[in-house]
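Line by line, the protein sequences give chains A and B. Residues 3 to 114, numbered by the working numbering, are exactly what the first sequence covers, in order. Residues 1184 to 1293, numbered by the working numbering, are exactly what the second sequence covers, in order. Right, one structure below, let's go through it.
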Amino acid sequence: NAGVTQTPKFQVLKTGQSMTLQCAQDMNHEYMSWYRQDPGMGLRLIHYSVGAGITDQGEVPNGYNVSRSTTEDFPLRLLSAAPSQTSVYFCASRPTGARGQYFGPGTRLTVT
Amino acid sequence: DAKTTQPPSMDCAEGRAANLPCNHSTISGNEYVYWYRQIHSQGPQYIIHGLKNNETNEMASLIITEDRKSSTLILPHATLRDTAVYYCIVALNYGNKLVFGAGTILRVKS
Chain A
3 NAGVTQTPKF QVLKTGQSMT LQCAQDMNHE YMSWYRQDPG MGLRLIHYSV GAGITDQGEV
63 PNGYNVSRST TEDFPLRLLS AAPSQTSVYF CASRPTGARG QYFGPGTRLT VT
Chain B
1184 DAKTTQPPSM DCAEGRAANL PCNHSTISGN EYVYWYRQIH SQGPQYIIHG LKNNETNEMA
1244 SLIITEDRKS STLILPHATL RDTAVYYCIV ALNYGNKLVF GAGTILRVKS
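In structure tokens form, the structure reads like this:
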């Protein structure tokens, strides 16, 4: 298993640009989530999904969209990037019935 | 979800046990205690979780007080690779919505 993979590893955007951060897992996990981590702080939940076709908001959802058309993929879309969205983004997944999440390596996003 | 309080940092000698405390005095009856750690800039790593009984796995032990208002994560023989930020989190529903605080920076020294 490749585990949880995230692409790209690094990205620089200009204010107002849009982009999609990719997250995929090959472990057939039903639950997937997106977190952001600002410098020196803990992670904050953006959106999560408990299965294909089901998504819900986390603590900081504004400015982000998600969809879950397959079990494997959970892309995060930035609609109009702002400097406040400069952060490290982590995707995670969890198997049904388990309580520990597996986190990906992260995407470092800078918005200028 | 209930909040947790952890010391900002701790030091531990290599080979000794590292005991990381966490206070969660407002925890509700159906909330679990989770521990994750984050090494340097990597994604967090799940360590262990518990409800009210003490738990042990290949990575660590979790001791929860009888009133469930606090817990301690024990790394029995800390190594330099255990240097990381350790997060104590209380959460419902299999941890679908984890709330990470600032955590404890554990420095293991040789």
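From the three backbone atoms N, C-alpha and C, an ideal C-beta is built for every residue, glycine too.
For N1206/B versus T1188/B, is the C-beta spacing smaller than 7 Å? yes
Would the stretch 77 to 88 of chain A and the stretch 1249 to 1261 of chain B be scored as touching if the rule is three or more Cβ pairs under 8 Å? no
Contact criterion: CB-CB distance below 7 Å. Does H1232/B meet it with respect to chain A? yes
Going by the CB atoms, is the gap between G1226/B and F105/A shorter than 7 Å? yes
Give me the residue from K1280/B, C1271/B, D1265/B, I1288/B with the minimum Cα distance to A1200/B. D1265/B
At 7 Å on the CB atoms, spell out the chain A contacts of L1281/B, in chain order. L47
Determine the chain B residues that contact F105/A at a beta-carbon separation under 9 Å, and present them in chain order. Y1219, Q1221, Q1225, G1226, P1227, Q1228, Y1229
Quick check: L1281/B and I1288/B, are their CB atoms within less than 7 Å of each other? no
Who pairs with L45/A in a beta bridge, going by DSSP? Q39/A
Residues of chain B with CB closer than 9 Å to the CB of F12/A, please, in chain order. By Cβ distance, chain B contributes nothing, its closest Cβ being about 12 Å from F12/A, past 9 Å.
Can we say the stretch 29 to 46 of chain A touches the stretch 88 to 101 of chain A, given the rule of at least three CB pairs closer than 8 Å? yes
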